[in-house]
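J.: The structure's right below; bear with me while I get my questions together.
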Amino acid sequence: MMGLLTDAGLGFDSGHATTTTTTTAIAATVAVVSLSLYLALYWMQTRKVHPDEPPIIASPVPFVGQILGMAIWGGRYVKSIGIRNQDKPIFTLPLSPRSRIYIVTDPSLAAAVQRASRTLSFTPLIPDLTKRVLGLDDATVSIVRQNLDPVGAGDPRGFLADMHDLVYTSLSPGEALDELTLSAARELAAQISSFASTLPPEKSKGNKISLLAFIRALVTPATARLLYGPSNPLTKSPSLAAALWKFDAGVPSLLLNILPSLTARKAYLAREALTSAFATYLSNDSHTQSASPLVQKRIQTAQRHGLSLDGTARSELSFLFAGVVNTATTAFWAVARVFADNTQLLEIIREEVHKAVVVHTCDKNDEGVETIELDLKILKTADCAPILHAVLRECLRLGSDNFSTRLVTSQGSSTLLAGKWFLSEGSVVQIAGGVVHADRRVWGENADGFDYKRFLSSAAVGDNDNDNGKGNGKSVHPAAFRAFGGGKTLCPGRHFATREVVALVAMFVLMFDLEAVDGGLLVVPEKEDGALPVHILEPKGGDVQVMIRRREGVGRVVVA
Ligand code: HEM
Numbered sequence: 002m003m004g005l006l007t008d009a010g011l012g013f014d015s016g017h018a019t020t021t022t023t024t025t026a027i028a029a030t031v032a033v034v035s036l037s038l039y040l041a042l043y044w045m046q047t048r049k050v051h052p053d054e055p056p057i058i059a060s061p062v063p064f065v066g067q068i069l070g071m072a073i074w075g076g077r078y079v080k081s082i083g084i085r086n087q088d089k090p091i092f093t094l095p096l097s098p099r100s101r102i103y104i105v106t107d108p109s110l111a112a113a114v115q116r117a118s119r120t121l122s123f124t125p126l127i128p129d130l131t132k133r134v135l136g137l138d139d140a141t142v143s144i145v146r147q148n149l150d151p152v153g154a155g156d157p158r159g160f161l162a163d164m165h166d167l168v169y170t171s172l173s174p175g176e177a178l179d180e181l182t183l184s185a186a187r188e189l190a191a192q193i194s195s196f197a198s199t200l201p202p203e204k205s206k207g208n209k210i211s212l213l214a215f216i217r218a219l220v221t222p223a224t225a226r227l228l229y230g231p232s233n234p235l236t237k238s239p240s241l242a243a244a245l246w247k248f249d250a251g252v253p254s255l256l257l258n259i260l261p262s263l264t265a266r267k268a269y270l271a272r273e274a275l276t277s278a279f280a281t282y283l284s285n286d287s288h289t290q291s292a293s294p295l296v297q298k299r300i301q302t303a304q305r306h307g308l309s310l311d312g313t314a315r316s317e318l319s320f321l322f323a324g325v326v327n328t329a330t331t332a333f334w335a336v337a338r339v340f341a342d343n344t345q346l347l348e349i350i351r352e353e354v355h356k357a358v359v360v361h362t363c364d365k366n367d368e369g370v371e372t373i374e375l376d377l378k379i380l381k382t383a384d385c386a387p388i389l390h391a392v393l394r395e396c397l398r399l400g401s402d403n404f405s406t407r408l409v410t411s412q413g414s415s416t417l418l419a420g421k422w423f424l425s426e427g428s429v430v431q432i433a434g435g436v437v438h439a440d441r442r443v444w445g446e447n448a449d450g451f452d453y454k455r456f457l458s459s460a461a462v463g464d465n466d467n468d469n470g471k472g473n474g475k476s477v478h479p480a481a482f483r484a485f486g487g488g489k490t491l492c493p494g495r496h497f498a499t500r501e502v503v504a505l506v507a508m509f510v511l512m513f514d515l516e517a518v519d520g521g522l523l524v525v526p527e528k529e530d531g532a533l534p535v536h537i538l539e540p541k542g543g544d545v546q547v548m549i550r551r552r553e554g555v556g557r558v559v560v561a
């Protein structure tokens, strides 16, 4: 019995030991294989495709780690890598053994990217991006794809090239821009005055508003009216203004393009509602009656290139989007900064605006209060209100983490970037605005903080594209100010946007007093840099509640 038991016991023990040994062996093999695989993948991601390729930043999770990082942390992911690696003017993020993204963080290298527009071009990316975001059909995409980058004067020109030139010409300083500025200022003045008339008597505590939503609600319909005339889709159907912002919020999900009608449902439905309203607007010929000359020419250009009604509607939706989202969000930051500052900035700007504003009369209107007449010169030349312009530029620097994106269209020694860096054909190059804007070597030790004075150097207050102020007491490289992008894709609306934001802030300081809800100065929120930076960043933690009060004695603002 003992023997049996012992045998049985021995037999049991030996079986258990064998199983344990086998399990351990399998586990060890799996561990070794996994580790080897991991090390192999890790090693692969650190391999350059060419000795002159920019330094590689490896991810602890090879390849997919970069994509996951961007998906989870948005713009902050690349920005934090860039800030940690500021000794590298350009670096490589490998996405697979052969596909990579090159991130540029140095202003002079950014300028080199912008100059190399034949081999580093944004346009080949546009058809696919717009197909995803705007929902273009195949016929429209194939028109958009034609003759994207004509080089010589005789080269055939596609839809995008013609549209690009039209918009750049129409929005450059000159008569057409002045006309558009006048319309914008009048629209804003009418809306602001009408709102002011609803506010309780001057000395009351005022009304509570959500500042960002309030400014968006001013800028969105105003821009739609000045571009598309009084029969524009948003005036006809005011709920579409909110739809534009739903579309905006869903742009990153639309870009992913995984069953957008389900995964980006709100943005998808908003986009389709806007498209259908634009299609009705176009088929009623409303544009020929009262749209701005620029919009009329845009629509003619689309028709000349054979875009369908639906394609033209989507193209105009994209233009309205470009004209509204950045401007409204920038105006929010500028107003918040001016009313939050404890160094008399509000008084200084009021003084500046009052000097530049022509108050023709102090006519008493029906309610026995002043009508202020704003002279357009304050919008056209920065010299009239240098501090206000400097505040705007500083808000743009702090609020813009945008990426200027290019595709490497050809390779070889002749296309080494700045004669030094090999960029693999088919890869994407991104100039990381957020990293450049945070660089202390460029902007000085106070780069993280708000200091409008950095844009107050004599060279910084003018209205040209090289006005980048002073960083660390020295002039800043022209390509270091990234809020409007640069090179061939430099924002064509930058002069107009500057004028609109200056008009809006000027009208705010003339008409209103703003306070925190519990009294005292506003507090400027942090910016939400965890999202994909498709436009100027929004405030973190939601909108800012403020009390708004009409200034004593002031009734309305008009524009000459
Ligand atoms: C503060 C306001 C604005 C900011 C910060 C801004 C910023 C930008 C940026 C960063 C780009 C891309 C540049 C690049 O990729 O390098 C861009 C492109 C563009 N913007 Fe603006 N923008 C503003 C206002 C406007 C306005 C008011 C309009 C039109 C009325 C406009 C029209 C456009 C268009 C059409 C493009 C595409 C240009 C092209 O590549 O053909 N923008 N903008």
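The opening residue of the sequence shown carries number 2 in our numbering; numbering runs sequentially from there. Glycine included, each C-beta is placed from N, C-alpha and C at the ideal position. This structure is a prediction, so every number in the text was calculated from the model and none was measured.
#1: Within 8 Å, do at least three Cβ pairs link the stretch 397-411 to the stretch 32-49?
#2: Taking Ile-349 as part of the alpha helix (DSSP H), name the residues at either end of that continuous run.
#3: To which residues of the same chain is Thr-571 closer than 7 Å at the C-beta, ignoring the five residues directly before and after it?
#4: At what residues does the beta strand (DSSP E) containing Lys-237 begin and finish?
#5: Give a yes or no on contact between the stretch 181-200 and the stretch 143-157, applying the rule of three or more CB pairs nearer than 8 Å.
#6: Going by beta carbon distance, what residues of the same chain come within less than 7 Å of Lys-209, once the five residues before and after it are set aside?
#7: Enumerate in chain order the residues of its own chain whose CB-to-CB distance from Ile-82 is below 7 Å, with the five nearest sequence positions on each side excluded.
#8: Taking only the alpha-carbon atoms, compute the straight-line gap between Leu-283 and Ala-561 and give it to the nearest angstrom.
#9: Which first and last residues belong to the beta strand (DSSP E) in which Asn-208 is found?
#10: For Arg-455 and Arg-394, what's the separation of their Cα atoms in angstroms?
#11: What separation, rounded to the nearest whole angstrom, lies between the Cα atoms of Lys-267 and Leu-275?
#12: Of the residues Ser-287, Val-358, Asp-384, which one's Cα is nearest the Cα of Lys-237?
#13: Considering only their Cβ atoms, is the gap separating Ala-481 from Pro-55 smaller than 8 Å?
#14: Quick check on this structure: which residue in Ala-507, Val-430, Gly-400, Glu-426 has the alpha carbon closest to the alpha carbon of Ala-112?
#15: With burial defined as no fewer than 16 other Cβ atoms inside 10 Å of the residue's Cβ, what is the status of Phe-423: buried or exposed?
#16: Whose C-beta lies closer than 8 Å to the C-beta of Ile-144 among residues of the same chain, with five residues either side of it excluded?
#17: Can you find a heavy atom of the ligand HEM that lies under 7 Å from the Cβ of Cys-396?
#18: Less than 7 Å between C-beta atoms, sequence neighbours within five positions excluded: which residues of the same chain meet that for Lys-247?
#19: Could you name the residues of the same chain whose beta carbon sits closer than 7 Å to that of Phe-451, not counting the 5 residues immediately before and after it, in chain order?
#20: Taking the alpha-carbon positions, what's the Ser-211 to Asp-544 distance?
#21: Rank Lys-80, Thr-24, His-51 by C-alpha distance to the C-alpha of Glu-529 and give the top, closest one.
#22: Should Asp-449 go down as buried or exposed, given a rule of 16 or more other Cβ atoms within 10 Å for buried?
#23: Excluding five sequence neighbours on each side, which residues of the same chain lie with their C-beta closer than 7 Å to the C-beta of Asn-467?
#24: Distance check for Thr-93 and Ala-117, CA to CA, integer angstroms please.
#25: In terms of residue numbering, what span does the beta strand (DSSP E) encompassing Pro-261 cover?
#26: Helix, strand or coil for Ala-433 per DSSP?
#27: To the nearest angstrom, how far is the alpha carbon of Arg-495 from that of Arg-483?
#28: Val-99 and Val-50 look like a contact to me (Cβ under 8 Å); what is the Cβ gap, rounded to whole Å?
#29: In terms of alpha-carbon separation, which member of Pro-387, Ala-332, Ala-329, Leu-228 lies closest to Arg-299?
#30: Among residues of its own chain, excluding the 5 on either side of Leu-260, which ones have a beta-carbon nearer than 8 Å to its beta-carbon?
#31: Alpha carbons only, please: which of Leu-505, Ser-428, Asn-403 is nearest the one belonging to Thr-120?
#32: Within 10 angstroms of the Cβ of His-438, are there 16 or more other Cβ atoms? Answer buried if so, exposed if not.
#33: By DSSP, does Asp-249 sit in helix, in strand, or in coil?
#34: Classify Gly-487 as buried or exposed, calling it buried when 16 or more other Cβ atoms lie within 10 Å of its own Cβ.
#35: Helix, strand or coil: how does DSSP classify Gly-463 here?
#36: Since Ala-242 contacts Leu-505 with CB under 8 Å, what's their CB separation in whole angstroms?
T.: Here's the rundown:
#1: no
#2: 346-357
#3: Any answer about residue 571 is impossible in this case: the structure gives the chain only from 2 up to 561.
#4: Lys-237 -> not in any beta strand (DSSP E); alpha helix (DSSP H) instead, spanning 234-237.
#5: no
#6: Val-518, Gln-546, Met-548
#7: Its chain contains Ile-58 as the residues whose beta carbon lies nearer than 7 Å to that of Ile-82, once the 5 sequence neighbours on both sides are disregarded; these appear in chain order.
#8: 31 Å
#9: 208-211
#10: 10 Å
#11: 12 Å
#12: Ser-287
#13: no
#14: Val-430
#15: buried
#16: Excluding residues within five positions, the ones whose Cβ falls inside 8 Å are Gly-159, Phe-160, His-306, Gly-307, Leu-308, Gly-312.
#17: Every heavy atom of the ligand HEM is 7 Å or more from the Cβ of Cys-396, so no.
#18: Lys-267, Ala-268, Ala-271
#19: Arg-338, Glu-395, Leu-399
#20: 6 Å
#21: Lys-80
#22: exposed
#23: In this prediction, Asn-467 has a pLDDT of 44, which is less than 50 and means its spatial position is unreliable; what the coordinates show is noted afterwards. Excluding positions up to five away in sequence, the list reads Pro-479.
#24: 19 Å
#25: For Pro-261, there is no enclosing beta strand (DSSP E); the residue is part of the alpha helix (DSSP H) that begins and ends at 261-264.
#26: strand
#27: 12 Å
#28: Looking at the sequence shown, residue 99 is not Val but Arg. 7 Å between Cβ atoms; contact.
#29: Leu-228
#30: Excluding positions up to five away in sequence, the list is empty.
#31: Ser-428
#32: buried
#33: helix
#34: Classified as buried, Gly-487 has 16 or more neighbouring CB atoms from the shown chains inside 10 Å of its CB.
#35: Note on Gly-463: pLDDT 35, under 50, position unreliable in the model; no value is reported.
#36: Actually they are not in contact, since the Cβ atoms of Ala-242 and Leu-505 sit about 16 Å apart, beyond 8 Å.
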